[in-house]
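Residue numbers (UniProt numbering), protein chains in the order written: chain A, 1 to 332; chain B, 1 to 291. The C-beta atom is built at its ideal place from N, Cα and C for all residues, glycine as well.
Right, here's the structure in full:
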C-alpha cells in the first residue's frame, strides 16, 4: 500500500509544482502579483509555523520581521546593493533580533509571551514610521529595484514571480530538512513537554531562542522579497494586523503541519480576492469563514485531513483485525 | 505645574475608560479563559447601534437603552453561545484567533452597513469647562471619570458584597468546587459575558463623543485595554482598574513629556518591563504553572 501511496504523493507534488510554474504564464499582471504575494507570505508563515507550530512559542511579531526584512532590502537595493546581499543582511538582522526577542520566552509563556511580542510589533512599527532619516517615515521608500538574476532582468511580473516561487522552493526544502533534523525534533519536544525535553538533555534555553531566531529570519526573507515585489514600502503594511494575519494563516492552515502555511497563506491571500466579486462584503465573509472553520476544526484545514486519514487507518486496521479474528475462529 | 494637573485629569479620564474595558477583559478571562481580541471592536459597535437607533427616529435616551440592550444580546449572549461555547474545548489559542476574525468581521460590517467616515456622537455630559483649584477642567473629562468610577464601584460591590457576586467569584476561581457546593456555574459565566457587554456599551457611550464614532476606533482602545489588564494583573478586577488608570495617565504624560511620535511606545515598554519582572501583573496573584 505504502509504495503506491508514496508514488501517488510524489506525482501529486510534481503536478502541483508544474502547475505553479506553467499555469501563471498566461496570468495578467494582477494575478501574478497576488500569486507572488502568496509565495512571499508562505515563507513568512513557514517561519511562524516553526516558532509556533513546531516549538509551541506564540509570537505576534512575525509581521514586524517582515517589515525589518523589507526595510533592509529596500534601503540596500535602492543604494545599489544586489538583492542577494540584502536578503543575507535581512536574514542576519532578523535572526539576531529574533534571538533577543526569544529571551522573554524563557521567562513567560502563552498569552504573556503573545503580549510581549505584540508590544515589540508596535515598537517596530513606530520606528519604521518615525525614523524618517532611515525609513522615509510615512512617505516610505519608492522605486525599489527588482533584481537581475544571472544577467536576466526580473522587472516584469512573470520573471519576478519565478524569483518568489524559487525562493519559496529553497525555503521549503530548508525547512523540510530542518524539521527532520535533530533540531526539528528538539523543537517538537519543546512544544509537547518542556520539562521532559529538558530531562532528556535538550537544551531548552538554546532551542527556544533558536526557534524564535530561525522563525524570525524567515520572516526577514519574506520581507526582503516583499519590498521588490511591491517596489514601494511604507510602515502601514507592517503594522500589528500583518502579525495577526500571519498568525491566522498558520492556525487556519494547520499549526505544526508542514503544508499548513502554504494553505493558510493561500486562504488569507487568495480567498479575499476570490470573494471580491461580493464587493465590500469580502472581508466580512472571510472573517465568518475563518470563524466557522475554527469552530469545526481548531487544528486548521490540515487538521481535518489528518483526522480523516487517522479515522480511515483505524477503520482499515479494525477491519483487518475482524478478518483475522474470523479466520482464527473458523480455524478452531 | 498647571499643565501637569490638566494632564493628570485628562489621563485619569481616559484611564477610567481603559479600566472599564479592561475589567470586562479580565472577567471573561477568569470565568472562561477567553482572550477577546475583539474587545476594542466591542466598544466601537454599541455607539453605532445607538446611532442606528437614532437614525430610525429614536430619541437619544431610548437609543442608549436600545444600544445597551442590543449590545448585551449581540456581544454578550450571541458571542458566548455562537463563538465561545463551541470553541471553548479547543483551548485558548484557537479561540483567540477566532476573536481576531470576529474583530475583522465587526469592523468590516460597520464599515459596509454604516459608514467608513467618522460620525459625530452626542454627549451625555454637557460640554464646557468648570474651574477647579483655578484650573479649567472639561466637564466631559469629569463626567467620564465619574460614570466610570460609579460603574466600577458598582461592579466591585456586586462582586464582593452580594451573594451573587460571591457565586460569580467562586465560579471563576474554581468551577469544579463551585459546582459541588451548588453554584450554577454556567449561569454565572453567562452573567459575566452580559456584564462585559454592558461595560463595553457604557465605555462606548462615554468615549465616542470625544473621539467620534469610527469603524476603526476599536484597535487602539482594545490594545490599550489589554495592556492595562496585563499591567494591572490579568486575573484581578482591581488590577485591571489600577492598570487602566495607570496607562491612561502614562499615555498622557508621555505625549507631553517624551515625544508625541513615540507616545505609544511608552506604555509598550512599560508593559514589557512589567511582564518580564512581574508577569502576574502589579496587583495580580501568581497563577500556578501548569506543565
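Chain B contact for residue i (CB, 9 Å cutoff)
i: residue 251 (chain A); result: yes
i: residue 58 (chain A); result: yes
i: residue 114 (chain A); result: yes
i: residue 226 (chain A); result: no
i: residue 104 (chain A); result: yes
i: residue 291 (chain A); result: yes
i: residue 188 (chain A); result: no
i: residue 50 (chain A); result: no
i: residue 111 (chain A); result: yes
i: residue 244 (chain A); result: yes
i: residue 342 (chain A); result: In this structure chain A extends from 1 to 332, so residue 342 (chain A) is not present and cannot be described.
i: residue 93 (chain A); result: no
i: residue 271 (chain A); result: no
Cutoff 9 Å: residue i Cβ touching any chain A Cβ
i: residue 291 (chain B); result: In this prediction, residue 291 (chain B) has a pLDDT of 35, which is less than 50 and means its spatial position is unreliable; nothing more can be read from the coordinates.
i: residue 258 (chain B); result: no
i: residue 1 (chain B); result: Residue placement at residue 1 (chain B) cannot be trusted, given a pLDDT of 48 that sits under 50; what the coordinates show is reported in the next sentence. No, no contact with chain A.
i: residue 262 (chain B); result: yes
i: residue 255 (chain B); result: no
i: residue 118 (chain B); result: no
i: residue 87 (chain B); result: yes
i: residue 52 (chain B); result: no
i: residue 77 (chain B); result: no
i: residue 47 (chain B); result: no
i: residue 25 (chain B); result: no
i: residue 247 (chain B); result: no
i: residue 223 (chain B); result: yes
N-terminal and C-terminal residue of the alpha helix (DSSP H) that residue i is part of
i: residue 227 (chain A); result: 204-230
i: residue 135 (chain B); result: Per DSSP, residue 135 (chain B) belongs to no alpha helix (DSSP H); it is in the beta strand (DSSP E), 135-138.
i: residue 267 (chain A); result: 260-274
i: residue 54 (chain A); result: Counting along the chain, residue 54 (chain A) falls outside any alpha helix (DSSP H), and DSSP gives it neither H nor E.
i: residue 281 (chain A); result: Per DSSP, residue 281 (chain A) belongs to no alpha helix (DSSP H) and is neither H nor E.
i: residue 196 (chain A); result: 194-199
i: residue 267 (chain B); result: 265-277
i: residue 71 (chain A); result: 62-78
i: residue 46 (chain A); result: 29-48
Residues sharing a beta bridge with residue i, DSSP
i: residue 233 (chain A); result: A:141
i: residue 213 (chain B); result: B:119
i: residue 255 (chain B); result: Residue 255 (chain B) pairs with nothing; no bridge assigned.
i: residue 153 (chain A); result: A:148
Collapsed DSSP secondary structure at residue i in the structure displayed
i: residue 79 (chain B); result: helix
i: residue 56 (chain B); result: coil
i: residue 180 (chain B); result: helix
i: residue 124 (chain B); result: coil
i: residue 90 (chain B); result: coil
i: residue 172 (chain A); result: helix
i: residue 131 (chain B); result: strand
i: residue 172 (chain B); result: helix
i: residue 131 (chain A); result: coil
i: residue 116 (chain A); result: helix
i: residue 108 (chain A); result: coil
i: residue 298 (chain A); result: coil
i: residue 65 (chain B); result: helix
i: residue 185 (chain A); result: helix
i: residue 38 (chain B); result: coil
i: residue 313 (chain A); result: helix
i: residue 166 (chain B); result: helix
i: residue 289 (chain B); result: Only weak support is given to the placement of residue 289 (chain B): the predicted model assigns it a pLDDT of 44, under 50, and the question is left unresolved by the model.
i: residue 9 (chain B); result: helix
i: residue 1 (chain B); result: Note that residue 1 (chain B) scores a pLDDT of 48, beneath 50, so its modelled location is shaky and nothing firm can be said.
i: residue 59 (chain A); result: coil
Amino acids of chain B, ordered along the chain, whose beta-carbon sits closer than 7 Å to that of residue i
i: residue 288 (chain A); result: 105
i: residue 130 (chain A); result: 261 and 262
Proximal chain B residues relative to residue i, where beta-carbon distance stays under 8 Å
i: residue 333 (chain A); result: The structure shown does not extend to residue 333 (chain A), since chain A spans only 1 to 332, so no value can be given for it.
i: residue 248 (chain A); result: 97, 100 and 101
i: residue 280 (chain A); result: 108, 111 and 112
i: residue 295 (chain A); result: 83, 86, 87 and 98
Residue i: contacting residues in chain A (beta-carbon distance under 9 Å)
i: residue 199 (chain B); result: Result: empty, since nearest Cβ-Cβ is about 21 Å, beyond 9 Å.
Partner residues on chain A for residue i, Cβ-Cβ distance less than 7 Å
i: residue 268 (chain B); result: 119, 122 and 123
i: residue 90 (chain B); result: 298
i: residue 265 (chain B); result: 123 and 126
i: residue 226 (chain B); result: 115
i: residue 271 (chain B); result: 115 and 119
Cross-chain neighbours of residue i in chain A, by beta carbon under 8 Å
i: residue 211 (chain B); result: Per Cβ cutoff of 8 Å: no residues; residue 211 (chain B) is ~19 Å from chain A at best.
i: residue 230 (chain B); result: 112 and 115
Amino acids of chain B, ordered along the chain, whose beta-carbon sits closer than 9 Å to that of residue i
i: residue 283 (chain A); result: 104, 105, 107, 108, 111 and 112
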